[in-house]
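Take a look at the structure below.
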Amino acid sequence: MLTAEEVERFVADGFVYVPEAFPRALADEGRAFLWRETGLDPDNPGTWTQPVIRLGGYGSEPFRRAASTPRLHEAFDQLVGAGRWLPRDGLGTFPIRFPHPGDPGDTGWTWRAATPSRASRGTG
Numbered sequence: 464m465l466t467a468e469e470v471e472r473f474v475a476d477g478f479v480y481v482p483e484a485f486p487r488a489l490a491d492e493g494r495a496f497l498w499r500e501t502g503l504d505p506d507n508p509g510t511w512t513q514p515v516i517r518l519g520g521y522g523s524e525p526f527r528r529a530a531s532t533p534r535l536h537e538a539f540d541q542l543v544g545a546g547r548w549l550p551r552d553g554l555g556t557f558p559i560r561f562p563h564p565g566d567p568g569d570t571g572w573t574w575r576a577a578t579p580s581r582a583s584r585g586t587g
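According to my numbering, the sequence shown holds residues 464 to 587 in order.
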């Protein structure tokens, strides 16, 4: 599934892009759920009054399904070996960012989803 170059990129960077890791419809369902959780209107930027909203961890649907697709499990097996990783029941926390002049307090830092215990200095 992953090329040798992608595996090397994972080793070097701590993450790798897995195309079509879960279906688009599932992503749309997750996005709609997160918008509801923010209490904001996705079609009204006037409601986006903060630079970032951090939502707690979610292990419910649709996130459970997104974290457990056969395509992702195949990638995990390839990267670390079958039986050498623990299944997730969700996708963790979500920082929701908005165009805003205010400082979100974490500018330049990103957490890599593939390695949540490792922070790396980024640009976003």
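Built from N, CA and C at the ideal position, the CB exists for glycine as well.
Taking the Cβ atom as the reference point for each residue, do residue i and residue j lie within a distance shorter than 8 Å?
i	j	result
Gly-509	Asp-552	no
Arg-528	Leu-489	yes
Leu-514	Phe-561	According to the sequence as given, residue 514 is Pro; it is not Leu. Yes.
Ala-484	Arg-534	yes
Ala-530	Leu-554	yes
Val-479	Arg-487	no
With DSSP run on the structure shown, which of helix, strand or coil describes residue i?
i	result
Gly-519	strand
Gly-553	coil
Arg-560	strand
Gln-513	coil
Leu-542	helix
Gly-587	Here Gly-587 scores only 39 on pLDDT, less than 50, and its place in the model should not be relied on; the value that follows carries that caveat. Residue state, collapsed to three classes: coil.
Asp-476	helix
Ala-530	coil
Leu-535	helix
Pro-508	helix
Apart from the five residues on each side of it in sequence, which residues of its chain come closer than 7 Å, Cβ to Cβ, to residue i?
i	result
Trp-498	Pro-505
Leu-520	A small fix is needed here, since residue 520 is Gly in this sequence, not Leu. Only Gly-553, Gly-555 and Thr-556 meet the Cβ criterion.
Is residue i close to chain B, meaning its C-beta is less than 8 Å from at least one C-beta of that chain?
i	result
Ala-490	Although the question refers to chain B, the structure presented lacks it and comprises just one protein chain.
Tell me which residues share the same chain as residue i and place their Cβ nearer than 6 Å to its Cβ, disregarding the 5 neighbours each side in the sequence.
i	result
Trp-548	Phe-539
Gly-565	Pro-514
For the putative contact between residue i and residue j, defined by C-beta atoms under 8 Å, what is the C-beta separation to the nearest angstrom?
i	j	result
Pro-525	Glu-500	Rounded, the Cβ-Cβ distance is 13 Å, inconsistent with contact.
Below 8 Å CB to CB, which residues in the same chain sit around residue i once its five sequence neighbours on both sides are set aside?
i	result
Trp-511	Leu-503, Phe-561, Pro-562 and His-563
Length-filtered (4 minimum) alpha helix (DSSP H) runs lying within the stretch 479-503: You should have 487-501.
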